[in-house]
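See below for the structure under consideration.
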Amino acid sequence: MDVRFTSEDGEAVSLRHGLLGLLAEGPASGYDLARRFEEHLGPVWPAQHPKIYAELSRLSDAGMIEVDSHGPRGRKAYRITETGLAEIRRWLTEEKVDHTLRIESVLRSFFFWLMEPDDLQAHLRREQEFFAEIAEVARGYAAAKDRGDFGTSGQTRSMRVAVEAATRIYQALADWAEWARTVPPAVPATGDDAAPAARAADGET
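Here the sequence shown is numbered in the UniProt record's numbering, starting from 1 and rising by one per residue.
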């Protein structure tokens with residue numbers, strides 16, 4: 001099993017298709033797309049504004065999107081073309097999924113042994129609270145969709161599936177952070193487990 005923690009190429013490819021997917025909903029400006037990314041995709045796939053505008057330029061050059069209208073101060077709204085729609089459908093059905101994980105909380109956990117137990121306890125408590133709050137927000141969206149607040153379109157049903165994934169992932173991370181507070185190095189090691197940690201802290205092998 002090949003699990004990677006970062007992939008710049010994968011990030012660019014998914015941003016490209018994320019923009020195409022959002023434009024499949026209807027024409028939108030770069031500002032609108034950045035807002036949609038933040039509101040709908042931010043928890044699972046954040047994107048910085050400069051990267052969004054740069055990718056829109058590349059998509060336009062590739063003929064996957066085109067200008068739909070011009071607004072005040074040079075603002076342009078884009079729409080997806082048939083070429084772009086074919087590309088996102090190809091990506092969804094044919095492209096191998098990039099299973100790259102990029103979770104700084106997990107990366108930091110590899111080095112928890114360098115933290116004082118009290119500092120680590122405080123860090124993990126903040127992490128648990130953060131992840132639990134995000135999971136609760138996602139549950140609220142899920143409940144609203146289940147009530148029919150957003151209609152019953154295919155887009156809404158797809159978003160309901162995505163929101164469920166976000167709920168479960170963030171709840172799992174909240175549970176992980178809570179569990180991590182109960183085991184070394186967040187609590188003092190005892191017996192044979194204490195010696196290796198002490199030697200590592202002193203720089204011994």
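Positions of the beta carbon are idealized from the N, C-alpha and C atoms, including for glycine.
Going by C-alpha to C-alpha distance, which of the options sits closest to residue i?
{"i": "Pro117", "options": "Leu15, Ala180 and His17", "result": "Ala180"}
{"i": "Lys51", "options": "His70, Gly148, Val67 and Arg16", "result": "Arg16"}
{"i": "Ala135", "options": "Leu173, Leu124 and Ile103", "result": "Leu173"}
{"i": "Ala186", "options": "Gly151, Phe110, Phe130 and Arg157", "result": "Phe110"}
{"i": "Arg89", "options": "Ala122, Leu22, Asp61 and Ala47", "result": "Leu22"}
{"i": "Ile103", "options": "His40, Tyr170 and Asp61", "result": "Tyr170"}
{"i": "Glu38", "options": "Ala54, Pro27, Glu25 and Gly18", "result": "Gly18"}
{"i": "Leu41", "options": "Arg79, Glu82, Pro27 and Ser14", "result": "Ser14"}
{"i": "Val106", "options": "Ala143, Leu124 and Asp149", "result": "Leu124"}
{"i": "Trp176", "options": "Arg160, Phe150, Phe130 and Thr152", "result": "Phe130"}
{"i": "Trp113", "options": "Pro184, Tyr31, Ala34 and Ala47", "result": "Pro184"}
{"i": "Arg73", "options": "Ser153, Gln48, Glu82 and Tyr31", "result": "Tyr31"}
{"i": "Asp81", "options": "Thr156, Ala47 and Ala24", "result": "Per the sequence shown, the amino acid found at residue 81 is Thr instead of Asp. It is Ala24."}
Let me confirm a value: residue i is counted as buried when at least 16 other C-beta atoms fall within 10 Å, else exposed. Which label applies?
{"i": "Leu59", "result": "buried"}
{"i": "Leu20", "result": "buried"}
{"i": "His99", "result": "exposed"}
{"i": "Leu120", "result": "buried"}
{"i": "Glu87", "result": "buried"}
{"i": "residue 218", "result": "Because the chain is modelled from 1 through 205, residue 218 falls outside the range shown and cannot be assessed."}
{"i": "Tyr53", "result": "exposed"}
{"i": "Arg147", "result": "exposed"}
{"i": "Val163", "result": "buried"}
{"i": "Arg36", "result": "buried"}
{"i": "Leu56", "result": "buried"}
{"i": "Gly26", "result": "exposed"}
{"i": "Arg4", "result": "Because the pLDDT of Arg4 is 35, which lies under 50, any placement of that residue in the model is unreliable, and the question is left without a value."}
{"i": "Leu92", "result": "exposed"}
{"i": "Gly63", "result": "exposed"}
{"i": "Gly84", "result": "buried"}
{"i": "Leu33", "result": "buried"}
What residues are listed by DSSP as bridge partners for residue i?
{"i": "Lys76", "result": "His70"}
{"i": "Ala144", "result": "Bridge partners of Ala144: none, in fact."}
{"i": "Ile65", "result": "Ile80"}
{"i": "Ser29", "result": "Ala77"}
Assuming residue i and residue j form a contact by the criterion Cβ under 8 angstroms, report the distance between their Cβ atoms to the nearest whole angstrom.
{"i": "Ser29", "j": "Lys76", "result": "6 angstroms"}
{"i": "Gln128", "j": "Glu178", "result": "5 angstroms"}
{"i": "Ala166", "j": "Ala132", "result": "About 13 angstroms; that fails the 8 angstroms criterion."}
{"i": "Arg79", "j": "Asp68", "result": "4 angstroms"}
{"i": "Arg160", "j": "Ala142", "result": "7 angstroms"}
Task: Completely contained beta strand (DSSP E) runs for the segment 112-165, where each covers 3 or more residues - done: none
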